[in-house]
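Here is the structure we will look at, set down as structure tokens.
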Amino acid sequence: MVSWIYETLAKVGYVHPLHPIIGHLPLGLIIGAFILQFYAVVLKRPTLFPTVQHCLTLALIAWLPTVLLGYADWQYRFQSQWLHPIIMKMILSGILLVFLSIIVVRRVTNPLTPGAILIICTLCLLTVTGIGFYGAELIYKNEIPRQSEQELRRKGASLYTQHCSSCHLIDSTERKIGVGLKGLMKRRNLPVSNRPATEENIRRLLKIGFDGMPSFADLKENEVDALVSFLKTL
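Using the working numbering, read the sequence shown as starting at -7 and increasing by one per residue.
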């Protein structure tokens, strides 16, 4: 349902998750609100209290688009898999919504004391820290369940036959329509583009194309993984 967004962005070279783009907005506003509220309470600067309220109100407004883009990333990049870090990010996002709503709503109905607001700002800061921690768990600990290399290569071979075999040879470096791919991942540089022969550059070529090679932006992340795994065997 959301794949066309990622495919369109891939055509202009953007192949990363979407929610971090706007996710820094509520994060920055919450950090700013905590610092200002702490400063206002400790040094008795009540003129800063309205600014804190404005920061938290804007953070609450930014919460919804951030969550919607996070949901889209989850569908597209993780195939809606219920991974532990994603579950924790969802729970913490709900908790953050409660904390922000309390401050914003109470401002209108029954304002909280400066000390109470500082406590909730601290809880908001700890919550977004937890969200960031579990986001890092996904990336740096490679939490995405992966198929075995044998399964990936088998799937990659099938994808190669479907998308690449009409233009590229796999048992030669000679040209067919495009360059031969034998030993591709063992070369120092990729042919034609002359970029280093790394997985990252191959993924980029598949997403955006290069010099007559069409873009395959419609390929999902796991399909790109499979093709890269297959190319390593050539």
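Here a beta-carbon is modelled for each residue, glycine too, at the ideal position from N, C-alpha and C. All values reported here derive from a predicted model rather than from experimental measurement.
Check, Outcome
"CA-to-CA distance, Leu151 to Ser221, given in whole angstroms", "11 Å"
"Alpha-carbon spacing of Ser157 relative to Ile95, whole angstroms", "60 Å"
"Alpha-carbon spacing of Gly200 relative to Lys174, whole angstroms", "The sequence given here places Ile at residue 200; Gly does not occur at that position. Their Cα atoms are separated by approximately 22 Å."
"Cβ contact (3+ pairs, closer than 8 Å) linking the region 40 to 54 and the region 68 to 87", "no"
"Contact set for Tyr6: own chain, Cβ-Cβ below 6 Å, skip 5 residues either direction", "none"
"Collapsed DSSP secondary structure at Asn186 in the structure displayed", "coil"
"Per DSSP, the bridge partner or partners of Met205", "Phe202"
"Under the three-state DSSP convention, the category Asn214 falls into", "helix"
"Cβ pair count under 8 Å reaching 3, the region 9 to 22 against the region 55 to 64", "yes"
"Beta-bridge pairing of Asn181 - partner residues as DSSP gives them", "Pro188"
"Residue range of the alpha helix (DSSP H) that includes Gly5", "Where Gly5 is concerned, there is no enclosing alpha helix (DSSP H), given that its DSSP letter is neither H nor E."
"Top-ranked residue by Cα proximity to Thr190, from Leu223, Leu161, Met205 and Thr165", "Leu223"
"Of the residues Thr49, Thr153 and Gly122, the one placed nearest Ala25, counting alpha carbons only", "Thr49"
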